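Scroll down for the structure; my scribbles are underneath it.
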Amino acid sequence: MVATKCKPASQEQPVAVPVVAGLPMPDFRRIHVEPISGACGCEISGVDLREPLDEETLSEIMKAFEQFLVIVFRDQDLSPEQHKAFSRYFGPITELPQAPTYDGMRDMQEVRREADEPENVVPSFEHFHTDSPFLKRPPLCVVMRALEVPRYGGDTAFSNAYLVYEHLSDGLKALLDGLQVVYSGKEIWARNEKLPPEKRLRLREEHGFSEDELENIHPAVRVHPVTGRKALFATTAYFKGFVGWTEEESRALLDYLQSLAQHLHYHCRVKWRKNTLLVWDNRFLLHRGVHDFKYERRHLIRTTVMGERPIGPRDWPA
Ligand code: CO
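Count along the sequence shown from 1, add 5, and you get the number used in this note's numbering.
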């Protein structure tokens, strides 16, 4: 059979959507990298995070972080100071107004559920979300380490917000590219007070943030400041509305967008063990704890690294 030279004009070209994390796979020489799923996430071995990192190892870790958005290290028994020192490779550590602090340290937070506590004690557990989007400069990443975890269950799941955006139609992309979101953390304490005690979240009781710092407007589509790659930046937690839209309209569109993040082919899921340490990109990746355990304690501690002010499609290139 003779191969035809020309394709028929009607044959559609495949759409170039990058759906596979880590491809093309960079050449890693100092660390071992094992992808977790086709969407995001990898496990890194061959590194001791208690020690300062040499330049080449650090640059490979950063490359893996950029490619996979969540990087997992096992058996990292770090002191709080070592945990903070590693976090600073990603940027300055920031406080959060709402998340409970760990061991009296303002720059470390904890996610803790006691064996006899209800699921809702941990904020935003029920939705894929990005942390603290109401801040002017929301977190770039979170560095989290497990102190105590259930024997099974209690994983953290992630959803790749680049992929959510890239699979939208051109029409919906164009609409979202021009939208802005009001995010607000102003009302969480007042709202929490009104709940019956067993339904209340565990929140930080005192903080030094002003009211103005707890509400900001950000683009619904976030652009990576270096690569220009776009991702959806509209999720339920702290969402107040799209600028210029009614509450009803805002909710309807948000519910649809939030449903897209549930697609399994955007996900990876990480099983914690004691001394597992994760770094996840909080700009382009959504996360949620999976509270499918009972009668066991889950205790994770974390630092939060400050990110840039989110850039929208209209601000890029700057
Ligand atoms: Co969170």
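Built from N, CA and C at the ideal position, the CB exists for glycine as well. What you are looking at is a predicted structure, and each value in this text was computed from that prediction instead of being measured.
Taking C-beta atoms as the reference points, Asp286 and Lys235 fail to come closer than 9 Å. With respect to the 9 Å criterion, Pro315 and Pro97 are not classified as neighbours on the basis of their beta carbons. Going by C-alpha positions, Thr232 is about 21 Å away from Gln185. One alpha carbon belongs to Leu177, the other to Phe95, and they sit about 33 Å apart.
For His270, there is no enclosing alpha helix (DSSP H), since its DSSP letter is neither H nor E.
By the criterion of at least three beta-carbon pairs nearer than 8 Å, the segment 194-209 is not in contact with the segment 250-260. Cβ-Cβ distances below 6 Å link Asp297 to Gly158 in the same chain, with the five nearest sequence neighbours on each side left out; the list follows chain order.
DSSP places Asp320 in no beta strand (DSSP E); its state is neither H nor E.
DSSP, read as helix, strand or coil, puts Asp175 in helix. Relative to the Cα of Ala323, the nearest Cα in the group Arg278, Gln267 and His229 belongs to His229. Contact between the segment 132-147 and the segment 186-206 is present: three or more C-beta pairs spanning the two stretches fall below 8 Å.
The nearest non-hydrogen atom of ligand 1 is less than 8 Å from the C-beta of Asp136. Contact between the segment 65-75 and the segment 294-313 is absent: fewer than 3 CB-CB pairs across the two stretches fall below 8 Å. Rounded to whole angstroms, the separation of the alpha carbons of Cys47 and Val116 is 22 Å. Contact between the segment 268-284 and the segment 160-176 is present: three or more C-beta pairs spanning the two stretches fall below 8 Å. Less than 9 Å separates the beta-carbon of Leu283 from that of Thr161. In the pairwise beta carbon analysis, the segment 80-94 is classified as touching the segment 52-67: at least three pairs are separated by under 8 Å. Comparing alpha-carbon positions, the option among Ala225, Gln103 and Cys146 lying closest to Gly317 turns out to be Ala225. Using a cutoff of 8 Å, the CB of Arg293 counts as near ligand 1, since one of the ligand's heavy atoms is closer than that.
Counting only residues of its own chain and dropping the five nearest sequence neighbours on each side, Trp194 has a CB closer than 7 Å to the CB of Leu208.
Residue environment for Ala242: buried (at least 16 other C-beta atoms within 10 angstroms of its C-beta). Spanning the alpha carbons of Val77 and Ile41 requires a straight line of approximately 9 Å. Taking 9 Å as the cut-off, the Cβ atoms of Lys279 and Leu152 count as close. Annotation: Ala104 is outside any beta strand (DSSP E) and is labelled neither H nor E by DSSP. His132 and Arg293 do touch by the CB rule: their CB atoms are close to 6 Å apart, below 8 Å. For the pair His88 and Ser164, the CB atoms are not nearer than the 9 Å cut-off. When only Cα atoms are considered, Leu237 and Phe289 end up about 8 Å apart. The three-state reading of DSSP puts Ile49 in strand, counting E and B together. If you draw a straight line from the Cα of Asn125 to the Cα of Ile222, it comes to about 27 Å. In this structure, the beta-carbon distance from Leu219 to Pro105 does not fall below 9 Å. Around the beta-carbon of Ser50, fewer than 16 other beta-carbon atoms lie within 10 Å, marking it exposed.
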